[in-house]
Amino acid sequence: MSPQFFLFDIGNVLIDWNPRHLFSDLLPDPEELDFFLTEVCPQSWNEEQDRGRPWAEGLAEATARHPDYRDVIQLYFERWMETVAGPIEETVTLLDKLQKMGYPTYALSNFSWETFEKVEIVYPFLKSFDGRVVSGYEGLIKPDPAIFHLAIERFGLEPRETLFIDDNKANIEAAERLGFLTHHFNKPEGLSQQLRIIGIL
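Just so you know, we're using the working numbering here: the sequence shown kicks off at -7 and counts up by one.
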């Protein structure tokens, strides 16, 4: 079935986010960098901010575990915008094309509310969606089915008519279990190809 609605992830679909963009300069030793991002401030820690935990609490928790990294930990929030290398221009162009063709477009993203308020100022295309579910405001994160149900109910989506686009396999699998059409994003070219195959472009 050809989709009538499009539901986009944001990080690593529309913007190039990776904490290494910031910390590879701050921690030039590769082993120390890996330690910091797997033990001091791992993805599981970051996900708690995505779930709505205030950054101040997250920074305090990480500092309590690793006081030797206090200064570097603080920079995670202070210089958070440097974890974003920029927009993924080709995907932004595809989003714009879909919008100009009249397709309703929505965002469903794991994102701290505090950092989202920063990033949407710098990248105004993030305000172009017909609606957004941002995890930090909701207290829910993907792949929890509850956040998908929230998007379905809030936007009136029919999953079998909605193409969900995400770079995370677990999120894709969760969406498929709920009946969504899906695209496991790797590169913009792959998304463009799928849109051509299904007759959208």
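C-beta: ideal position from N, C-alpha, C; glycine also.
Predicted, not measured: the structure shown is a model, and the values here were computed from it.
Could you have a look at residue i and say whether DSSP puts it in helix, strand or coil?
i: W95; result: Sequence check: residue 95 is Tyr here, not Trp. The answer is coil: DSSP assigns Y95 none of H, G, I, E or B.
i: D21; result: coil
i: I113; result: helix
i: P79; result: strand
i: V125; result: strand
i: L187; result: helix
i: D26; result: helix
i: L132; result: coil
i: L193; result: coil
If you drop the 5 nearest sequence neighbours on each side, which residues of the same chain put their C-beta closer than 7 Å to that of residue i?
i: E130; result: I139, L142
i: P180; result: I80, E82, T83, L86
i: A54; result: V32, C33, W37, I65
i: F69; result: W47, L51
i: T75; result: W9, N10, P11, H13, L14
Does the separation of the CB atoms of residue i and residue j fall below 7 Å?
i: L100; j: L(-1); result: yes
i: P151; j: G182; result: no
i: D158; j: D1; result: yes
i: V5; j: F177; result: yes
i: W72; j: T30; result: no
In chain order, what residues of the same chain lie with their CB nearer than 8 Å to the CB of residue i, ignoring the 5 residues before and after it?
i: D136; result: A166
i: L149; result: F(-3), L(-1), Y98, A143
i: F28; result: F15, L19, Y61, V64
i: E112; result: L118, K119
Going by beta carbon distance, what residues of the same chain come within less than 6 Å of residue i, once the five residues before and after it are set aside?
i: W105; result: G128, Y129
i: G44; result: G128, G131
i: F156; result: L(-1), A167, F172, T174
i: F147; result: Y98, G123
i: I164; result: D158, T174, H176
Three-pair Cβ contact test at 8 Å for the stretch 87 to 101 versus the stretch 16 to 35: Between the stretch 87 to 101 and the stretch 16 to 35, the count of C-beta pairs closer than 8 Å stays below three; the two stretches do not touch.
Enumerated in chain order, which unbroken segments of the beta strand (DSSP E) with a length of 3 residues or greater are wholly contained in the stretch 140 to 184? With a minimum length of 3 residues, the continuous beta strand (DSSP E) runs that stay inside the stretch 140 to 184 are 154 to 158, 173 to 176.
Residue ranges of each beta strand (DSSP E) run of no fewer than 3 residues wholly in the stretch 29 to 65, ordered along the chain? Listed in chain order, there is nothing to give.
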